[in-house]
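*Asks:*
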Amino acid sequence: MIPAPKHEGAFLFMPAYVADLDTASIKIVNIFPKNIDKGMPSAPAQVLLVDGTNGLITAVLDGTYVTQLRTGAASGAAFDLLARKDAKKGALIGTGGQAAAQLEAMMVARRLEVVKVYDLNLERTKEFAARMQEELKAYGTRVEAAESSDEAIEDADLIVTVTPSSKPVFDGSKVKKGATLSCVGSYQHHMQEMDPVVLTRASKIYFDSEEAVLSEAGDILIPLEDGTITKADFTGDLGAVILGSVPGREDDDEIIVFKTVGIGTQDLVTAKCIYDKAIHRGIGTSWD
Numbered sequence: 011m012i013p014a015p016k017h018e019g020a021f022l023f024m025p026a027y028v029a030d031l032d033t034a035s036i037k038i039v040n041i042f043p044k045n046i047d048k049g050m051p052s053a054p055a056q057v058l059l060v061d062g063t064n065g066l067i068t069a070v071l072d073g074t075y076v077t078q079l080r081t082g083a084a085s086g087a088a089f090d091l092l093a094r095k096d097a098k099k100g101a102l103i104g105t106g107g108q109a110a111a112q113l114e115a116m117m118v119a120r121r122l123e124v125v126k127v128y129d130l131n132l133e134r135t136k137e138f139a140a141r142m143q144e145e146l147k148a149y150g151t152r153v154e155a156a157e158s159s160d161e162a163i164e165d166a167d168l169i170v171t172v173t174p175s176s177k178p179v180f181d182g183s184k185v186k187k188g189a190t191l192s193c194v195g196s197y198q199h200h201m202q203e204m205d206p207v208v209l210t211r212a213s214k215i216y217f218d219s220e221e222a223v224l225s226e227a228g229d230i231l232i233p234l235e236d237g238t239i240t241k242a243d244f245t246g247d248l249g250a251v252i253l254g255s256v257p258g259r260e261d262d263d264e265i266i267v268f269k270t271v272g273i274g275t276q277d278l279v280t281a282k283c284i285y286d287k288a289i290h291r292g293i294g295t296s297w298d
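In short: position in the sequence shown from 1, add 10, done, that's this note's numbering.
#1: Expressed to the nearest angstrom, what Euclidean distance is found between the alpha-carbon atoms of Thr74 and Ala101?
#2: Output yes or no for whether 8 Å exceeds the beta carbon distance between Ala84 and Gln276.
#3: Evaluate Ser219 with the Cβ neighbour count: other Cβ atoms within 10 Å of its Cβ, from every protein chain shown; 16 or more gives buried, anything less gives exposed.
#4: Report the partner residues of Asp61 according to the DSSP bridge assignment.
#5: Of the choices Val153, Asp181, Asp61 and Thr240, whose alpha-carbon is the least far from that of Gln112?
#6: DSSP three-state label for Ala97, please.
#7: Taking the beta carbon of Gln198 as the centre, do at least 16 other beta carbons fall within 10 Å, making it buried, or is it exposed?
#8: Round the Cβ separation of Gln143 and Gly107 to the nearest angstrom and send it over; I've been treating them as touching at under 8 Å.
#9: I'd like to know if the segment 168 to 175 and the segment 188 to 197 are in contact, where contact means that at least 3 CB-CB pairs between them fall below 8 Å.
#10: Rounded to the nearest angstrom, how far is the Cβ of Ala53 from that of Val39, given a contact under 8 Å?
#11: Please state whether the Cβ-Cβ distance between Leu59 and Ser35 is less than 8 Å.
#12: Using three-state DSSP, classify Asn131 as helix, strand or coil.
#13: Report, in whole angstroms, the separation of the C-beta atoms of Met116 and Val127, which I expect to be a contact under 8 Å.
#14: Considering just the uninterrupted stretch of the beta strand (DSSP E) at Lys269, what are its terminal residues?
#15: Does the separation of the CB atoms of Tyr216 and Leu92 fall below 8 Å?
#16: Please report the straight-line C-alpha distance between Arg291 and Val118, rounded to a whole angstrom.
#17: Using only CA atoms, which one of Arg94, Thr280, Glu123 and Glu226 lies nearest to Gly258?
#18: For Glu164, list the residues DSSP reports as bridge partners.
#19: When you compare the CB positions of Leu31 and Lys282, do they come within less than 8 Å of one another, or not?
#20: Determine the extent of the beta strand (DSSP E) in which Pro25 is found, giving its start and end residues.
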């Protein structure tokens, strides 16, 4: 991160390299809040894909879209690996730019009957639910607006929080046994959308990257600092579950928490998949 205090902005760079794919990448996300007043995006983002065999840049991709896909995929992978097989109800708190992919991730991972959506602005919530009901109708899941977070998480098997909140957005004591939560929104130390109560009730706590989470996410850092939890409560990274070195869900009554902040490798793999499909289908703009 390189601050730009003159314009109240910041430049963020996320590099990655995967030798097995012979690919490197860098995602550039620049945060300039004043852009909104100029009719420009406040967080413009691009991903540059690099050929790992010769160092040449092979593609430039929309970083916002790549981020939406990879963040949704992280939650989807967590639900696929950790959620109860018979999950029927979902809850989504937050209707911002990341929300649609998070909603679809729940539907991909489990055959849900209903997902209840909550946001501070009820009209915006209703509009989002109606739009998602139409866009994602192929999954056969009802998408309904909730008037409170309590209503949204009641009896929910899968819960996603995707907000920039600095205070918890749900009541952790009301999360039912057997639920799986993916907390996506907090990526700075002061952000805490997860109620720490649910951490004390959780049987297992997983991360996309423990190192990355402990470098920035208030959802985990704040409860660690005040003694609500300790590192002994951590189960491990989701990748270790995939590799079989860390156990997944072992009981249908376990409450399981997954915290993701996103890492550059996820951007790389997502961008590479998009690029390979574009080449195969002959789409995209070539600068040759």
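Built from N, CA and C at the ideal position, the CB exists for glycine as well.
*Replies:* In short:
#1: 24 Å
#2: yes
#3: buried
#4: Thr33
#5: Val153
#6: coil
#7: exposed
#8: Not quite, the Cβ-Cβ distance comes to about 19 Å (not below 8 Å), so this is no contact.
#9: yes
#10: 6 Å
#11: yes
#12: coil
#13: 11 Å between Cβ atoms; not a contact.
#14: Ile266 to Lys269
#15: yes
#16: 24 Å
#17: Arg94
#18: Answer is none; Glu164 lacks a bridge partner.
#19: yes
#20: Gly19 to Val28
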